[in-house]
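Chains L, Z, U and E are the protein sequences, given in the same order.
So for the first sequence, numbering that gives the first Met the number 0 puts the first residue at 0; every next one is plus one.
So for the second sequence, numbering that gives the first Met the number 0 puts the first residue at 0; every next one is plus one.
So for the third sequence, numbering that gives the first Met the number 0 puts the first residue at 0; every next one is plus one.
So for the fourth sequence, numbering that gives the first Met the number 0 puts the first residue at 0; every next one is plus one.
Take a look at the structure set out below.
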Amino acid sequence: MAMYLDRDDDLGGFHPEPDDDLIICRCEEVTKGEIRRAVYEGMRTMTEVRRFLRVGMGLCQGGTCGKLVKGIIAKELGVKPAELEECTSRSPARPIEMRVFANEVSDDE
Amino acid sequence: MKRYDLIVVGAGPAGLSATIEAAKYGLKTVVFDENSRPGGQLFKQVHKFFGAKEHKAKIRGFKIGEQLLADAEKAGVEVHLNATVSGLFDCKEITVIENEAMHHYKADAIILATGARENMIPFEGWTKPGVIGAGAAQTMMNLHGVQPGSRVLMVGSGNVGLVVSFQLLQAGIEVAAIVDAAPRVGGYGVHAAKVARCGVPFYLSHTVIKAEGDDRVTGAVVAEVDSHFKPIPGTEMHLDVDTICMAVGLSPMSQLLSMAGCKMQDKGGIVPIVNEYRETSIKGIFAAGDVGGIEEASSAMITGKITALAAAYELGFAEEKEFREGETCYKASLAQLHEGMFSPANKGRTDLTVTDEGVLLSQNLLKKGYLDLGEIMRFPGAADEVKKVHGIHPVIECTQNIPCNPCQDACKFGCIAVGADITRLPIVNPANKCTGCGMCVASCSGQAIFLVNDDFSETEASVTLPYEFLPYPEPGTKGMALGRDGKAVCEAEVVSCRLSPAMDHTALLTIKVPKEMSMTARFFKAVGV
Amino acid sequence: MRIENHPILGTFHEGGQMVTFTLDGKEMQGYEGEPIAAALRAAGVMTHRHTLKRDEPRGVFCAIGRCTDCVMIVDGKPNIRTCITPLKAGMKVQTQYGIKAKE
Amino acid sequence: MNKTADVVIIGAGITGCAAAYYLAKKGVSVIVLESEMIGHGGSSRNGGGVRQSARDVRELPIAMYAIEHLWPNLSEELGCDIEYHKEGNLRLGKTPEHLEILKKLVDKSVSAGLDVRMIDGDEARQICPYMSHEVIGASWCPTDGHANPMVTTLAFYRRARAMGVHFISGEEVVELQKHHGMARKVITKAGNCYEGGHIIVAAGYASRAILNTVGIDVPLMKHNLECLVTEVQPPMFWQMLGTAEADFYGHQTNHGSFVFGGSSGLDAYVKNDNDAGEATSITAPSVCRGIMKYFPDLADAKIVRHWSGFMDDCADHVPIIDKVNEVPGLVIACGFTGHGFGIGPGTGLLLSQLVLDETPCVEVPGLRYDRFKAKA
C-alpha cells in the first residue's frame with residue numbers, strides 16, 4: 000500500500016520562480032516550472048508527475064533526471080526526498096529495437 | 000532455459016572479482032556486460048590506487064582491470080561482452096540482449112554489479128553541447144584518446160572531480176577552475192593538492208550558474224553561494240571555457256534490483272536493503288560494488304568477493320570452514336578501507352578538526368586545495384625534525400587519515416613508517432638514512448612525497464617531485480618553480496628526470512632552487528611552456 | 000583534438016585504420032571501431048542533434064550510452080547512441096532534428 | 000478533517016475520478032479513497048482505446064454516448080489536453096477465419112446502431128498505408144479513437160480536486176458498514192471511518208473483497224495484461240488498431256511513441272500475488288512479433304518500457320454498473336475486464352446520475368450486479 004496522502008493539503012498558491020524555464024528532464028524537455036505547477040495541481044507522487052508530464056519517460060528512462068525531479072517535488076511538498084516513493088523500474092533497461100526484442104533465442108542446454 | 004549456478008551482471012571491479020571468487024569454488028558462472036570491453040570504470044582510471052598491498056594499492060586502475068581480466072580468464076570464467084541485461088524477472092531469470100537477439104537465462108544466484116551513474120545538477124544552459132559528465136571526459140580522453148575540450152570548468156571537488164581534473168591536465172587540457180557549492184573540498188586532500196600545485200584555482204562555496212554560448216559552451220558563469228547553496232547576487236564571475244564538466248556525485252544503478260522486487264531504500268541514491276553479505280531481500284540476489292552503495296573501486300572488489308563467497312556457501316559449493324575463513328579475511332580487508340576521515344561512517348561530517356594523531360587539520364587544504372607552509376610543518380612527514388635532517392630526505396605532505404600505506408613498503412631503508420593501522424599519517428624516521436632512490440615519491444598514490452636536499456650546493460637546494468606530464472623536461476631546462484598554490488615562487492633548473500619501470504610512469508623530476516625555497520617549491524614549469 | 004601521446008597511456012589507435020564517413024553529406028575521417036562520437040569530437044563537431052520540442056542543440060553528455068543525448072541518424076536510423084556505436088567505413092551520419100534529418 | 004460527504008467513492012481510477020468530477024459539477028460533496036495513488040491500476044496501464052467497435056452490446060450504449068457527447072469536449076472541459084483522437088479503429092484480419100470473427104462482431108454492432116463495416120485489405124491500407132499485405136481485411140469504425148489514459152485519469156482528478164472533491168490516497172478500504180439498513184460507513188486499514196449518503200465501489204478487483212463485507216459478491220478474477228511503448232517515431236497514423244484475435248492492439252500517441260498492448264496466451268496464469276503485477280519476460284517479445292507481422296516498418300522502433308497490470312475480469316467479460324437494491328446507498332462499478340477506459344467518462348456520468356436518481360444518459364440493464372445465474 001502506498002503512503003497516506005491527503006490531497007487537500009494546502010501548499011499555498013503557485014508562485015513562479017526565476018528558474019522555472021530550466022529543463023529538468025532532458026529527454027522529454029520538461030521544465031522545473033511544469034513540474035512545480037503539477038505538484039500544486041495535485042500530482043503528489045513521482046509516478047503521478049511522471050504520468051502527467053512524461054518526465055523520466057524518455058529514452059533514458061529517468062536515469063538523469065529522476066533524482067532532480069524527486070528533489071523538486073519534495074521541496075514543494077516540504078518533505079525529505081527519501082520520503083517520496085520511487086517510480087517503478089521497468090524492463091528493458093536500455094531501449095531495444097522491436098526486431099531484437101522479438102527475436103527470442105533459446106539457449107537450451 | 001539455460002541455467003547457471005551464478006550469473007553476474009556487470010564486469011567491472013566488483014563483478015569480475017565476484018566471478019573469480021566464484022570460480023574458486025567451482026560454480027558454473029557467467030558474467031554479462033553491456034560494454035564492448037570489460038573492467039567497468041577501471042580502464043578510465045589512470046591514477047594509482049590507495050589502500051594496502053592486498054587492495055592493489057599503488058597500481059593504476061586500468062592495470063588492475065587488466066589483472067582482473069587475466070585472473071578471470073585463468074579461472075575460466077565465461078564473459079559475455081556487448082551483452083545488455085535488459086530485465087531481471089521472477090525466479091531469478093534475466094533477459095540478455097546479445098547479437099541482435101533476446102536470450103533468457105536463469106541462475107541459482109545472481110550478483111548485480113551494475114555500478115553507478117553520475118548525478119547532475121541543472122543550471123541555465125546545462126543542456127548545451129560542451130556540458131558533460133566527468134565520466135564522459137574520462138571516457139573520451141582515457142579510452143578513446145580524444146580531448147573533450149580545450150579549457151574546462153570542473154564542477155565538484157570530490158575525488159571524481161579532483162582525479163578527473165588531474166587527468167585532464169595530463170591529457171593536455173587546461174582546467175580553468177574547480178568549483179564546489181560545499182564550503183570544503185570533498186575529496187582527498189592529496190588529490191586536491193596535486194591539482195592545485197599545477198595552478199588550478201579552487202572556488203569553494205561557488206557553483207556554476209550558467210553555461211554561455213549559442214550552440215556550444217563558450218563560457219561559464221560561476222557565483223558564490225550562501226549557506227543554503229543559493230547564489231549570492233553580485234558575486235558572478237565569468238570563466239572562458241569550452242567545456243563544463245560535472246562531477247557532483249554518483250548514484251547506484253539499481254534499476255534491475257527494483258525491477259526484481261528487491262526492497263530498496265533512498266540513501267541519497269536508491270540502494271537495496273542488504274545483509275552483511277550484500278544479499279538483498281530476495282534470497283540469492285546480491286548487490287556488489289557501487290550498486291549497493293557508492294564506494295571506491297578497492298571496496299567494490301572486496302564486496303564482489305564477499306557476495307560470491309556467500310553465494311558459493313548458500314549453494315553448497317563452499318564448506319562452512321572455507322566460508323568462515325573467507326568471510327573473516329574479506330571483512331577485515333573491507334574494514335581497513337572503511338577507516339579514516341573519509342570512511343562511510345564519517346561521510347558528510349564537517350566537524351572533524353584534528354587527525355587521529357591530534358594534529359590540527361589544514362583549513363587551507365579544505366578551502367583552497369593546498370596547504371600553506373605553516374600548516375605543513377605541523378604534520379609528522381614534514382615536521383621540524385624532518386627538516387633538520389642533513390642531505391636528501393623525504394618530505395611527506397600527507398595530512399589526512401586515509402587508508403593507504405605503499406610509501407612504507409616502498410622505502411627499503413626504514414625511513415618511512417605508517418604502522419599496522421593504515422590510516423595513520425606516515426612518519427619520517429630521521430635516524431634512518433635516505434638514499435634518494437625516490438621509490439617513495441613514485442609509489443605515493445597521492446603524489447604527496449617529495450625529496451628535499453637542503454645541502455644540494457652552497458646556495459641551492461634540490462627538490463624531487465612526482466611528474467606525470469609530457470614532455471619530460473631535459474636536465475638543464477630552466478623554468479619556474481611553483482608553490483603549492485600553483486603560483487611561480489622562484490626560478491628553477493631541472494637537474495634530472497628519472498623514470499624506471501618500477502616507477503610506473505611517475506617520473507622523478509629533480510629541480511634546484513634557492514635554498515630557502517626547498518619547502519616551498521613543489522612543481523615545475525619550463526619557461527615558455 | 001586527439002591526444003597524440005599520453006604520459007600514462009602512451010599512444011592510442013596504434014595500427015588503427017582511418018576510415019571515411021560522412022556527416023550531413025560532408026566527408027570526415029575517424030578510426031574504425033572507435034565510437035562515432037569520438038570521431039566527431041576529434042573533428043570538433045559538438046552538436047549531434049536538435050531537440051524535438053525546443054529545437055535546442057545537444058551533444059555528448061554521458062559518453063557511455065546511458066543518457067541518450069548524443070543520438071543521431073546513422074545509416075538512416077534515428078536515435079542511435081553515437082557514443083557507443085562503433086564507426087565503420089562509409090557510415091552515413093546525420094544530425095538529428097527531433098527524430099528526423101533536416102529536409 | 001471532514002470525513003463525511005454526500006458520496007464516498009472507493010477507487011481513484013478513471014471511473015472513480017470521472018464519477019467524482021460529474022458529481023462535483025452538480026454540487027455534490029465527494030470523498031475519494033484510494034489505496035495506492037491516483038490512477039494506479041488499469042487506468043494508467045491500458046492501451047488508451049476509445050472504441051465502440053467490437054464492444055459487447057450490453058455496454059456499447061455507454062461507449063456510444065461517451066464518444067458522441069463527452070470525449071470530444073473533454074480536453075476543453077478538463078482544461079488539459081488528454082490527446083483524444085477520433086480517427087477510427089481498424090480491427091485487422093489476416094486469414095479467412097479472422098474475417099469470420101470480424102464479420103460477426105460487425106453484425107452485432109450494426110444491429111445495435113453503430114456505424115461500423117467490413118473493408119478489404121486495400122481499403123484498410125488506404126486508411127493506414129503502413130500495414131503489411133498480410134492484412135486481407137478489417138472492420139472499420141470511423142468514430143472510434145484513442146486518448147492518453149494516464150493524462151485523462153489525472154485530468155479528471157485534477158479538475159475534480161480543484162472543484163472541491165476530497166481525495167485521499169494511501170487509504171485502503173477494508174470494510175463497508177451499514178447504518179439503519181443503509182450503506183453508510185467506510186472503514187480503512189488505518190482505522191479511519193468515512194461516511195457517505197452513497198458509496199460507490201469502483202476499486203477494480205479489490206471491489207470484490209470490499210463488497211463482500213456487506214454480503215455482496217461479484218464474480219471477478221485477476222487477470223494480467225501487458226503493454227509496451229516505443230521511442231518516438233515520425234507521425235504515421237492516428238487510427239486505433241486491433242486484431243481479430245485480439246493478440247495486440249495499440250496506437251501512435253501525440254508524443255510520437257507507439258503504445259501496444261497484447262497477449263502471450265499465458266496471461267491469465269501469471270502469478271497475481273502482488274498488486275501491480277510484474278511484467279513477464281515473454282509477453283512483450285511475443286507482442287513485438289505480432290506487431291511486426293502487421294507493421295513491418297516498426298521493426299527498428301526501440302522498445303523503451305513494458306509493463307503489466309491486472310484487469311478485473313468479470314465472469315461474462317462486461318462490467319457491473321448498478322445500484323444495489325438490497326443495500327440502499329451502495330453503487331457498484333467494477334469488472335470492466337480491460338475495457339473500462341474508453342467508457343470511463345460515460346461510466347462516471349452514469350454513476351453520478353444513478354446516485355442522484357436522475358434519468359440516466361443510457362440504459363444498461365445488461366450490467367446489473369445480480370445478473371449472474373447458474374446454468375439452467
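Each residue gets a CB set at the ideal place from its N, CA and C atoms; glycine is no exception.
| Query | Result |
| --- | --- |
| Contacts around lysine 229(Z), its chain only, beta-carbon distance under 8 angstroms, and the 5 residues preceding and following it disregarded | none |
| With 16 other Cβ atoms within 10 Å as the buried cut-off, status of aspartate 311(E) | buried |
| Classification of valine 240(Z) by the beta-carbon crowding that lies within 10 angstroms, buried from 16 upward | buried |
| Contacts that glycine 86(Z) makes with chain L (C-beta to C-beta distance below 8 angstroms) | Ser90, Pro91 and Ala92 |
| Whole-angstrom distance between methionine 140(Z) and histidine 79(Z), CA atom to CA atom | 25 angstroms |
| Where proline 85(U) sits in the DSSP three-state scheme | strand |
| Any C-beta of chain C under 8 angstroms from that of valine 231(E) | Checking the listed chains, one finds no chain C in this structure; the protein chains it contains are L, Z, U and E. |
| Integer-rounded CB distance, given that histidine 205(Z) should sit under 8 angstroms from leucine 161(Z) | At roughly 16 angstroms, the Cβ-Cβ gap does not stay under 8 angstroms, so leucine 161(Z) and histidine 205(Z) are not in contact. |
| Three-way DSSP call (helix, strand, coil) for glycine 478(Z) in this model | strand |
| Rounded separation between proline 56(U) and arginine 215(Z) - CA only | 8 angstroms |
| Interface flag, phenylalanine 20(U) vs chain Z, CB-CB below 8 angstroms | no |
| is_contact[aspartate 80(E), chain U] using C-beta, thresh 8 angstroms | no |
| Residues near asparagine 104(U) in its chain [Cβ-Cβ closer than 8 angstroms; skip 5 each side] | With chain U represented from 0 up to 102, any question about residue 104(U) goes unanswered, as that position is not in the structure. |
| Contacts around glutamine 16(U), its chain only, beta-carbon distance under 6 angstroms, and the 5 residues preceding and following it disregarded | Glu31 |
| Runs of beta strand (DSSP E) wholly within the stretch 23-99 of chain U (minimum 3 residues, chain order) | 25-30, 70-73, 76-80 and 91-93 |
| Partners in chain U for threonine 87(L), counting only beta-carbon separations shorter than 8 angstroms | By Cβ distance, chain U contributes nothing, its closest Cβ being about 19 angstroms from threonine 87(L), past 8 angstroms. |
| Anticipated Cβ contact below 8 angstroms, glycine 341(E) with alanine 62(E), distance rounded | 6 angstroms |
| Exposed unless 16 or more other CB atoms sit within 10 angstroms - verdict on cysteine 90(Z) | exposed |
| Extent of the continuous beta strand (DSSP E) to which glutamine 264(Z) belongs | 263-265 |
| Exposed unless 16 or more other CB atoms sit within 10 angstroms - verdict on tyrosine 3(Z) | buried |
| Bounding residues of the alpha helix (DSSP H) (the contiguous stretch that carries tyrosine 64(E)) | 59-64 |
| Aspartate 289(Z) - DSSP class collapsed to helix/strand/coil | helix |
| Glutamate 76(E), enclosing alpha helix (DSSP H) - first and last residue | 70-77 |
| 3 or more residues per run - each beta strand (DSSP E) lying fully within the stretch 276-330 of chain Z | 284-286 |
| Cutoff 8 angstroms: aspartate 265(Z) Cβ touching any chain E Cβ | no |
| CB contact below 8 angstroms: isoleucine 63(U) versus chain Z | yes |
| Contact with chain E by alanine 1(L), beta-carbon distance below 8 angstroms | yes |
| Contact set between threonine 63(L) and chain U, taken where Cβ atoms lie within less than 7 angstroms | Cys66 |
| Beta-ladder partner(s) of valine 29(E), from DSSP | Val6(E) |
| Beta carbon proximity, aspartate 299(E) to chain U, threshold 8 angstroms | yes |
| Tyrosine 39(L) burial status per 10 Å Cβ neighbour count (16 or more: buried) | exposed |
| Simplified DSSP assignment, three categories, for histidine 392(Z) | strand |
| Residues that alanine 100(Z) contacts on chain L, provided the C-beta gap is smaller than 9 angstroms | Val99, Asn102, Glu103 and Val104 |
| Against chain L: residues of the stretch 80-94 of chain U by CB proximity under 7 angstroms | none |
| Under 7 angstroms (Cβ pairs) to chain Z, residues found in the stretch 20-37 of chain L | Leu21, Ile22, Ile23 and Arg25 |
| Sequence-distant residues of the same chain with beta carbon closer than 6 angstroms to alanine 222(Z), five excluded per side | Ile208, Pro230, Thr234 and Glu235 |
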